[in-house]
Each structure stands twice: as structure tokens, then as C-alpha cells.
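Working notes, structure below.
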Amino acid sequence: MTTAAASKSGIRILKAGEILFNEGEFADSLYIIQKGQIRLYKPKGKGFIELAVLRTGEVIGEMAYFDEDGSGRKRSCSASAVTSVEIIEVSFAAFGKTMQSLNPWFKTIINTLVTRLRKTNFRVKELEDNASVNYGKAAGTYEFMKPIEVMRVLGTLFLVFKSHGEIKSQSLSVHKRTLTLYTSDMYQIMEVKLETIINLLVQMGLMEIQDDEDKLPLVILLRNVEMVRQIFMFYNSERHITDEKKIKISDRCEMIIAKIIEKGSGNVIDIPNLRSTEDAPAKFTRMYNLNPVLDDFKSKNIFINPSALEDGKNVGLFGDVIILEGVNYIEIDFSKVQKLYPVIRFMNAVRKMNLEKSGES
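Numbering (this note's numbering), first residue to last: 8 to 368.
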């Protein structure tokens with residue numbers, strides 16, 4: 008260990024998704040979580056075995072300090088930030104000085120507990136290696152959040168907030184203890200998957216995490232419980248149809264939809280010279296002026312043309328592109344676009360997360 012590494016201690020900040028350390032890396036520090044959540048996992052094939060989610064006040068990476076088996080103090084698993092994280096890094100050199108100052112009896116107890124834990128971990132690894140694991144529909148495909156798992160989490164969130172939510176700042180408030188009673192104790196939902204969905208809902212602005220009376224970030228505010236139900240119902244309907252009929256919206260299509268909603272209904276006009284009869288009603292009665300949207304993207308050097316909305320056309324959000332006097336219009340069901348946009352955002356966020364965790368992104 009170098010002098011620089013040995014003396015290394017202090018506060019570190021991690022962004023969500025940032026790797027703290029990888030399995031097998033040389034270790035010279037342990038970490039104490041000051042704020043946020045860290046996920047522990049073990050890579051396996053194209054996927055991962057989720058181990059745990061650690062929070063404020065918990066310690067990570069201490070096991071490597073006690074390695075005396077010639078492994079060179081290597082990390083036994085990988086760790087990454089679930090949310091933005093503030094941690095205190097403590098060098099093994101500094102930790103060793105503290106250990107030396109302990110009563111010999113305490114050192115014996117600590118070393119005994121570590122040895123027992125290591126033997127248990129080794130036995131678990133043997134069982135994992137002997138087990139056949141299928142991570143997805145196709146061989147070799149890893150899917151961290153399967154649709155049925157998304158439904159389980161969303162359904163439980165809806166149930167808990169409807170049953171136990173207290174009105175607070177135009178939201179429903181639930182303490183994490185109450186939620187854990189259902190998700191972990193009753194329904195056996197993996198904590199890391201619950202946290203993943205919660206973080207997605209926070210990013211979408213549908214949830215907020217606040218401190219409780221003990222100054223711990225354990226109060227969850229849900230701003231729109233009906234939107235959670237809507238996303239749940241979407242996943243339920245999607246699992247009953249064939250793959251070719253499922254909604255698939257590209258990133259570029261989602262970007263345009265987001266901009267259309269941001270600019271509001273002011274660009275929506277009735278279709279002129281509409282020809283509709285009782286026997287053949289028009290599918291779309293309104294159209295949207297796309298020019299302000301396209302100009303906005305162009306000003307940011309993002310070049311997108313109306314053809315990117317083809318995915319939305321396939322699911323009935325849009326119709327044909329109409330050019331009138333040099334202006335690009337598209338037939339639109341604006342209310343349907345508004346209703347489906349949060350679902351599309353959530354669905355695409357889950358898809359991207361699965362790709363990232365499978366190493367295919």
C-alpha cells in the first residue's frame with residue numbers, strides 16, 4: 008500500500024449510478040454512508056446478483072480489512088450509488104490504528120464474527136455456483152426489472168398510499184416503515200427493486216423524499232396516486248398482448264412528445280375543411296403546429312424531423328403530417344398524448360435501466 012493510499016480519508020460525493028468499487032479490486036479503505044443509498048451486487052454472466060441496499064449510518068467495504076488469506080484484500084462484491092451519495096472514506100491505515108487501541112478481547116470477538124461471516128458468504132457462493140440461473144426470456148438475457156416485478160411494486164405502492172397515506176402538501180405521505188411492512192415483510196419484494204422504482208418516480212416528479220422527525224430521509228410523498236395506478240394498469244394490459252402490438256416509443260419520439268406537452272395546447276388547432284360523415288368519422292379532428300418544437304430542437308443543435316413521431320402514430324397518438332403554407336402540422340389526439348406521456352417516460356426509463364444493467368446499452 009502506498010503512503011498516499013494509506014493516508015486517504017475524507018468525504019466523497021457520488022452521483023446516482025456511479026461505481027464506488029468493483030468486485031476483485033484491491034481495497035485500501037472502508038466507507039461510512041452519510042447520506043443516500045449504496046447498492047451491493049455481484050456480477051454474474053451478463054447480469055447481476057443483487058445483495059443489499061445500504062443507507063445512512065451503515066458501513067461498506069470493511070470486510071476487506073480482515074482478509075488474511077492471501078487474497079490481497081480484494082473487494083468481495085461491487086458497489087454503486089442508487090441515489091446521490093455522500094460518504095466518509097476511512098483508510099485501512101487509520102482504521103488499523105483504532106483496532107490496535109481496542110481491548111484484546113474486543114479484537115478477538117470482532118475477528119471471530121468476521122471469520123464466521125466469511126464462511127457463510129463462501130457457502131452462499133457455492134450454492135449460487137451450483138444453481139441454474141435464468142435472467143430473462145432468452146438464454147443469456149438479463150432483465151433486472153421484469154414487467155411482473157414492476158407491477159408488484161407499483162401495485163403495492165398504490166395499496167399502501169391509498170390505505171395509509173396522510174394528506175400533506177397536496178400529496179399523500181407514508182413513512183418508510185409502513186411501506187416496508189408490506190413490500191418486505193408481507194410481499195417479499197426485493198429492497199433494491201423497490202428503491203429503483205421509487206427513484207424513478209422521484210426523477211419523474213411524482214414522488215419526493217423528506218426527513219422524518221429523527222432527521223432521516225424516510226418520509227415518502229406521492230403527488231399523484233392515480234398516475235401510479237395508471238402505470239400499473241398499462242403494464243397489466245401490455246403483458247396480455249403480443250410483442251408486435253406492445254407500445255414502443257423511441258427516445259427521439261419521447262423527446263418530441265415531451266416538448267409538445269411543455270409548449271401546451273396553444274399550438275393545437277382544428278383541422279380545416281374536415282370531411283367527416285356519420286358513417287366515416289374522421290380519426291383525428293385536430294392538428295399540432297410542429298414548427299416551434301422543431302425550431303427549439305434546432306436551436307440546441309438537435310436535428311429531429313417529424314418522421315420520429317412514427318412510433319406515436321402506431322399507437323394512435325398521431326396521424327399524418329400535413330404541410331400548409333410551409334408549416335409542419337401533425338394530426339394529434341392531444342388528450343391521449345397528455346395521458347400516456349408519464350407512462351411512456353416510466354416505461355422507457357425501465358427499459359434503459361434494464362439495458363444498462365445487462366451491459367447492452
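Every residue, glycine too, gets a C-beta built ideally from N, C-alpha and C.
Could you compute how far the alpha carbon of residue i sits from the alpha carbon of residue j?
i, j, result
"PHE165", "PHE102", "45 Å"
"LEU213", "MET234", "8 Å"
"THR185", "ASN243", "25 Å"
"ASN361", "SER108", "47 Å"
"ARG259", "MET152", "23 Å"
"VAL350", "PHE241", "7 Å"
"SER191", "PHE304", "44 Å"
"LEU58", "LYS200", "11 Å"
"LEU47", "GLU332", "58 Å"
"LEU134", "GLU198", "Any reading at LEU134 must be qualified, since the residue scores a pLDDT of 48, below 50, and its modelled position is unreliable; the value itself is stated next. About 22 Å."
"SER83", "ASN29", "9 Å"
"ARG358", "SER257", "11 Å"
"THR203", "GLY326", "35 Å"
"ALA356", "LEU207", "7 Å"
"LYS364", "ASP277", "45 Å"
"THR10", "ARG236", "In this prediction, THR10 scores a pLDDT of 39, lower than 50, which makes its location untrustworthy; the coordinate-derived value is nonetheless stated afterwards. So the two alpha carbons sit approximately 56 Å from each other."
"ASP219", "GLU156", "28 Å"
"GLY64", "ILE216", "17 Å"
"LYS222", "GLN195", "27 Å"
"PHE341", "GLU269", "12 Å"
"LYS104", "SER98", "10 Å"
"LYS266", "GLU32", "44 Å"
"PRO111", "GLN41", "30 Å"
"GLY162", "ILE205", "13 Å"
"PHE73", "VAL226", "36 Å"
"LYS307", "SER170", "46 Å"
"VAL328", "LYS252", "23 Å"
"ASN298", "GLY24", "36 Å"
"ASP250", "LYS346", "22 Å"
"LYS49", "GLU150", "15 Å"
"GLY172", "VAL60", "24 Å"
"ASP76", "MET193", "Reliability fails at ASP76, whose pLDDT of 48 lies under 50, so the model's placement of it is uncertain and no value is given."
"VAL322", "ASN296", "20 Å"
"LYS320", "ILE309", "22 Å"
"PRO224", "ASP318", "39 Å"
Do residue i and residue j have their C-beta atoms closer together than 8 Å?
i, j, result
"GLU96", "GLY17", "yes"
"VAL181", "PHE168", "yes"
"LEU301", "ASN274", "no"
"ILE254", "MET294", "no"
"LYS183", "SER91", "no"
"MET211", "PHE353", "yes"
"GLY43", "ALA88", "yes"
"LEU316", "VAL344", "no"
"MET262", "ILE311", "yes"
"PHE291", "ILE339", "yes"
So residue i and residue j are in contact, right, with Cβ under 8 Å, and what is the actual spacing, rounded?
i, j, result
"TYR348", "ILE238", "Not confirmed; about 11 Å, so no contact."
"SER272", "LEU228", "Actually they are not in contact, since the Cβ atoms of SER272 and LEU228 sit about 28 Å apart, beyond 8 Å."
"ILE20", "GLU93", "6 Å"
"ILE67", "LEU37", "7 Å"
"LEU179", "VAL232", "6 Å"
"ARG80", "ALA34", "5 Å"
"PRO154", "GLU245", "7 Å"
"ILE45", "ALA86", "5 Å"
Per DSSP, residue i is paired with what?
i, result
"ILE155", "Its beta-bridge partners do not exist; DSSP assigns none."
"MET294", "ILE276 and GLU338"
"TYR38", "ILE67 and GLU96"
"GLN217", "VAL226"
"PRO313", "According to DSSP, which records beta bridges pairwise, PRO313 is partnered with nothing at all."
"ARG46", "VAL60 and SER87"
Is the Cβ of residue i closer than 8 Å to any Cβ of chain D?
i, result
"ILE174", "Absent from the structure: chain D. Only one protein chain is present."
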